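S.K.: Following this message is one structure expressed as C-alpha cells.
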Amino acid sequence: MSFDEDWVNDAAHQEASARERDLEAKRQRWAELDRADLQGKGEAVKRARQARRTERWRKTWPWLVFFCLAAALMILAAVLGF
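Residues in the sequence shown are numbered consecutively from 0, following the numbering used here.
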C-alpha cells in the first residue's frame, strides 16, 4: 500500500512539475512575443516619425529658398541703392 501511495504521489508531483515548466515556458514565450511586438511598434513609430519629417522638409525647403532669395535681393538692393 505504501508503494502505491508513493508512486501516486511521485507521479502527481512529476505531472505538477511538468505543468509548471510548461506554464513557465509559455510565460517566457509570451514575454518574448510582447517584447518583439513592442520593438516592432517602436520601429513603426520611428518610420512614421521619419516619414513625417521627410514630408515636412519637402513642404518647407521651397519656402526657405524663397525667403533667402528675397532677403538676398533686399540686401543687394540696399547695397546698390535702389
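Even for Gly, the Cβ is constructed at its ideal location relative to N, Cα and C.
Remember, it's a predicted structure, so these values are computed and weren't measured experimentally.
What would DSSP say about Gly80, mapped onto helix, strand or coil?
M.R.: Locating residue 80 in the sequence shown gives position 81, where the first residue counts as 1. DSSP places Gly80 in coil when its eight states are reduced to three.
S.K.: Please report the straight-line C-alpha distance between Ala24 and Val44, rounded to a whole angstrom.
M.R.: Along the sequence shown, read from residue 1 onward, the residue named residue 24 stands at position 25. Along the sequence shown, read from residue 1 onward, the residue named residue 44 stands at position 45. Their Cα atoms are separated by approximately 30 Å.
S.K.: For Arg28 and Glu4, I'd like the C-alpha separation in whole angstroms.
M.R.: To locate residue 28, count along the sequence shown from 1; it is residue 29. To locate residue 4, count along the sequence shown from 1; it is residue 5. Distance between the alpha carbons of Arg28 and Glu4 is about 36 Å.
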